[in-house]
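Residue numbers (this note's numbering): 11 to 462.
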Ligand SMILES: Nc1ncnc2c1ncn2[C@@H]1O[C@H](COP(=O)(O)OP(=O)(O)O)[C@@H](O)[C@H]1O
Ligand SMILES: O=P(O)(O)O[C@H]1O[C@H](CO)[C@@H](O[C@H]2O[C@H](CO)[C@@H](O)[C@H](O)[C@H]2O)[C@H](O)[C@H]1O
């Protein structure tokens, strides 16, 4: 059974949005664990699969459904057919799309189920309503989320790294501290990987009455593009600046709450120098992978050199780590922050490391640029709209920074040097990210090195 399964999985994995090694061949695939969560027909198994590509080994988790007959509604998620132990031929498919199987995850968390190495948990003193049926969220994601009714959202982390995922740690920490800026946690699933408890999934309150920051921002950009050329952004309708300001304030509050709930520290000038060297090494690696970045390397290099010369210490704390407009949702009351897991693919120790909160500020500033420029790609009047894009971006970046200061966030003096270096380092990350995942978007982060 397994040899056939290995072949099926190798072909299927490379086509998944969340597969990190696109563009490289799979040299080896092994199944590290296979746990039967539900027997029978349909059956549900949990798999951890190790994929080796050149010298890089990445582990992924998947939920496989097994059926003798495959209903039409599941044809689009078929992985293939194979002989399954003594049970005979089975259709193997992505069980995340089968609500009759994903119910077992909800039931597992409600009951505190343990099966094999899998442990299902609920947050103490919370009830889980097991009658909710799931649907897979169709958002472009690094992971896979299941929405149960309009109550819960369960995120299955796809790439696994041994250890507690920062998202679980931070969301539970902030919720316990009474933060209004996180969605309430309900439960989680874990296993052991390399001897360490490792988070496989986290379930939170589904914010059914909320809009995400990216969609809201794009609506505003569209309005501006459609308005007469001489009309200033603040009069164009759909202006986002008040929301950008409020988001800045919420961000500062989250940073304060993180600093209260988790350890803090300072990094000294010698560590800042090392940080600058690390950014430089990442830049070199990125240029090797995406040659188009080469002509901008000096701009980034200059910003990293200036950082190395910063002569004073910098406060550090736990931060979001991959902060952008797609990670924030506007509820009826305020902004809520999602996805505290850091940049997927980075080692866990790095993602949990104390860092400057300006890293998040830099991430969000980049995101305003993304929102402003993303619609230009296919726009017939792209050239003439470039100025409007810059105007929208500058206006909302300024509003966000003003809101951040209003909320008690610190951006003053030569923080600008650190902020600039962090912004360009994020743009370097984005260049690699886009070239691997969405090559047509590559011009967006590349513009970061020329536009200001
Ligand atoms: N608590 C929530 N309520 C409603 N929608 C959510 C919630 N959490 C995430 N989402 C939606 O799912 C999308 C992806 O979530 P995210 O946590 O960023 O996943 P990923 O790590 O895979 O990028 C978000 O952009 C948002 O649209
Ligand atoms: O999947 P995650 O949300 O954890 O983050 C990854 O994917 C993001 C894309 O969805 C990527 O963000 C980049 O694109 C955004 C628009 O889609 C933009 O708002 C961000 O500024 C830009 O960085 C993120 O970098 C990546 O880690």
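Glycine included, every Cβ here is placed at the ideal spot set by N, Cα and C.
The beta-carbon separation of residue 221 and residue 339, rounded to 7 Å, stays under the 8 Å limit for a contact.
Per DSSP, reduced to three states, the secondary structure at residue 308 is helical. With contact defined as three or more Cβ pairs closer than 8 Å, the segment 315-330 and the segment 198-208 are not in contact. Membership of residue 267 in the alpha helix (DSSP H) is indicated by the continuous run 251-271. Annotated as distal: residue 456 and residue 442, with beta-carbon spacing of 8 Å or more. Judged by beta-carbon spacing, residue 368 lies within the 8 Å limit of residue 428, meaning their Cβ atoms are closer than that value.
Of the candidates 447, 383, 316, the residue whose Cα lies closest to the Cα of residue 434 is 316.
Using a Cβ distance threshold of 8 Å, residue 191 and residue 419 do not count as a contacting pair. For the pair residue 36 and residue 59, the CB atoms are not nearer than the 8 Å cut-off. Proximity of the segment 227-244 to the segment 347-360 falls short of the contact definition, fewer than three beta-carbon pairs being nearer than 8 Å. In the DSSP assignment, the residues bridged to residue 130 are 199.
Leaving aside the five residues that flank residue 299 on each side, the residues in its chain whose CB is nearer than 8 Å to its CB run, in chain order, 442, 445.
When secondary structure is reduced to three states using DSSP, residue 36 falls in the coil class, being assigned neither helix nor strand. Taking 8 Å as the cut-off, the beta carbon of residue 414 is found closer than this to the beta carbon of residue 258. Contact between residue 216 and residue 160 holds, with the beta-carbon distance rounding to 6 Å and staying under 8 Å. For residue 103, there is no enclosing alpha helix (DSSP H); the residue is found in the beta strand (DSSP E) stretching over 99-104. Under the three-state reduction of DSSP output, residue 439 falls in the helix class. At least 8 Å separates the beta-carbon of residue 438 from that of residue 302.
Closest in C-alpha terms to residue 313, from the list 137, 183, 68, 431, comes 431.
Scanning its chain for C-beta atoms nearer than 6 Å, with the 5 sequence neighbours on each side dropped, one finds around residue 89 the residues 18, 22, 102, 103, in chain order. Between ligand 1 and residue 165, a heavy atom-to-CB distance of less than 7 Å is present. Judged by the Cβ position, residue 440 qualifies as a neighbour of ligand 2 at the 7 Å threshold, a heavy atom of the ligand being closer than this. The alpha-carbon of residue 249 is positioned some 51 Å away from that of residue 205. Taking 7 Å as the cut-off, one finds no heavy atom of ligand 2 near enough to the beta carbon of residue 402. If you ignore the 5 residues before and after residue 155, its C-beta comes within less than 8 Å of the C-beta of 146, 147, 149, 163, 164, 165, 166, all in its own chain and listed in chain order. Per DSSP, the unbroken alpha helix (DSSP H) holding residue 395 starts and ends at 392-416. Following the DSSP letters along the chain, one finds residue 117 inside the alpha helix (DSSP H) bounded by residues 109-121. The Cβ-Cβ distance between residue 376 and residue 243 does not fall below 8 Å.
Closest option to residue 53, judged by alpha-carbon separation, among 64, 168, 106: 106. For residue 155, the distance from the CB to the nearest heavy atom of ligand 1 is below 7 Å. If you keep only unbroken beta strand (DSSP E) runs of at least 3 residues inside the segment 289-359, you get 324-327, 338-340, 345-347. In the DSSP assignment, residue 384 falls within the alpha helix (DSSP H) that extends over 368-384.
For residue 87, there is no enclosing alpha helix (DSSP H), as DSSP marks it with neither H nor E. Per DSSP, reduced to three states, the secondary structure at residue 161 is coil, with no helix or strand assignment. DSSP, read as helix, strand or coil, puts residue 180 in helix.
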